[in-house]
Structure formats: structure tokens, C-alpha cells
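Residues 91 to 180, numbered by my numbering, are exactly what the sequence shown covers, in order. Each residue gets a CB set at the ideal place from its N, CA and C atoms; glycine is no exception.
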Amino acid sequence: MAIIQLPSHESLPETVACAVCDKDIPLERATIGMPGADNIQRFACNGHFWNGHQLINGWVDFLVRQRFELLARGIDNGFAGEEEYARALR
Numbered sequence: 091m092a093i094i095q096l097p098s099h100e101s102l103p104e105t106v107a108c109a110v111c112d113k114d115i116p117l118e119r120a121t122i123g124m125p126g127a128d129n130i131q132r133f134a135c136n137g138h139f140w141n142g143h144q145l146i147n148g149w150v151d152f153l154v155r156q157r158f159e160l161l162a163r164g165i166d167n168g169f170a171g172e173e174e175y176a177r178a179l180r
């Protein structure tokens, strides 16, 4: 997973939304994931690691929703930081 750094004037949120199940979870129960179409970092519940099928399918569903959101805005250049050879859903 990624390592993030916040500017010193910002504090960590107490809860984040899970990209897999959309529940608000405490940050200490979250695992960092990929950023969304809005380039905001997303997280998933640690509990999803107990069900690999749910975790993988949840992130794939998230990725597809984000791709459609970009396409709806007329943006077809992939996600930020995505390498040309790594585009999977183009």
C-alpha cells in the first residue's frame, strides 16, 4: 500500500469512508488504497482482508465507478500517476 504525508497544518480525519462497502470507519481500522477520480486518497476496512474475493471485487468495482466518473466529465487520460503500460480498463 501507499505511504501518505499530510501538510503540517492539516490533521488526520477521525473516520474515513470504505471504498469497498461505503461504511464510515475509524482510521485505525482502515487500510490505504488507491485515489479516486477526484485524486482524493481512498481507504478500505481492514476486515475485508479476511475475504479476498470481496476485497478484490470491491476495489475493481470502485475502479470502474471512478473510470466512468472521469469519462462522464469528458476525461479519458486515466488516473493520476497511472503508467501507460499499466492501464487495465481503457
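Query	Result
Where DSSP assigns a beta bridge to phenylalanine 133, which residues make up the other side?	Cys108, Ile122
Taking Cβ to Cβ, would you say valine 110 is nearer than 8 angstroms to alanine 134?	yes
Tell me whether aspartate 128 sits in a helix, a strand or coil according to DSSP, three-state version.	coil
Leaving out five residues before and five after serine 98 in sequence, what residues of the same chain have Cβ atoms less than 7 angstroms from its Cβ?	none
Where does isoleucine 146 fall in DSSP's three states?	helix
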